[in-house]
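Start counting the sequence shown at -12; every next residue gets the next number (this note's numbering).
The beta carbon of each residue, even a glycine, is placed where N, CA and C say it ideally should be.
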Amino acid sequence: MSDTKETILQTALRLFARDGYEAVSVSRIAAELGITKGALYKHYRNKRAVFDSIVERMYQIDAQRAGEYEVPKETYEAGPEDYRRVSIESIKKYTISQFEFWSRDRFASDFRKMLTLEQYRNAEMAELYRNCLTAGPVAYMEDIFVQMMQKGLLKEANPRQLALEFYAPLYLLVSISDSSKEKETLGRLLNQHIECFFRNNAGDRF
């Protein structure tokens, strides 16, 4: 991706995160960059193309990060073996990294804020919000916990309930981080939660 195209993408996302996708026009993006609409159209045919590139980038980053932390990249239906191989240590590290990612990474943080703003105005944004930040992560952890129970790493319990208990503090702390200067303190709270969760729910083969 060219430097200009990347700058357009980053600037547009920053504006979407601050003012909402619907409120930001191509003219506004171009003005922010100090270029003409015609110059912008050489890189993206319209605002929708910019948005699609943002979403594509997020999914690429998500898959890359999953690979780095040895956790599943796809749904259970698409790759069940990946869910069977997940270790508790991988989940611990990945969860901490997710807090850092969603709270500190500029691209991820702006993407999250854009979806938060637009979820009540745009059905597509609402679905992305659910898939990326609420119901999607809960379902993901539920599928992982089912496999961990079968391997004896976790005690038998309701996997959906466990997934909610595990993920909710991460979601809450990321939200709190938006208005907090104590991100390191929030990160420590999350780490304590993770350790407590697995200590309380450890199976015979933990």
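{"query": "Inter-residue spacing [alpha-carbon to alpha-carbon] between residue 51 and residue 80", "result": "15 angstroms"}
{"query": "At least 3 beta-carbon pairs within less than 8 angstroms: the segment 86 to 99 vs the segment 160 to 170", "result": "yes"}
{"query": "Segments of 4+ residues assigned as alpha helix (DSSP H) that fall wholly inside the segment 144 to 178", "result": "146 to 164"}
{"query": "Among 113, 82 and 2, nearest to residue 127 - alpha-carbon criterion", "result": "82"}
{"query": "Presumed contact (8 angstroms Cβ cut-off) between residue 141 and residue 188, rounded CB distance", "result": "5 angstroms"}
{"query": "From 171, 13, 169 and 149, residue whose alpha carbon lies closest to that of residue 183", "result": "149"}
{"query": "Sub-8 angstroms separation of residue 70 and residue 134 beta-carbons", "result": "yes"}
{"query": "Residue(s) in a DSSP beta bridge with residue 189", "result": "141"}
{"query": "Under the three-state DSSP convention, the category residue 30 falls into", "result": "coil"}
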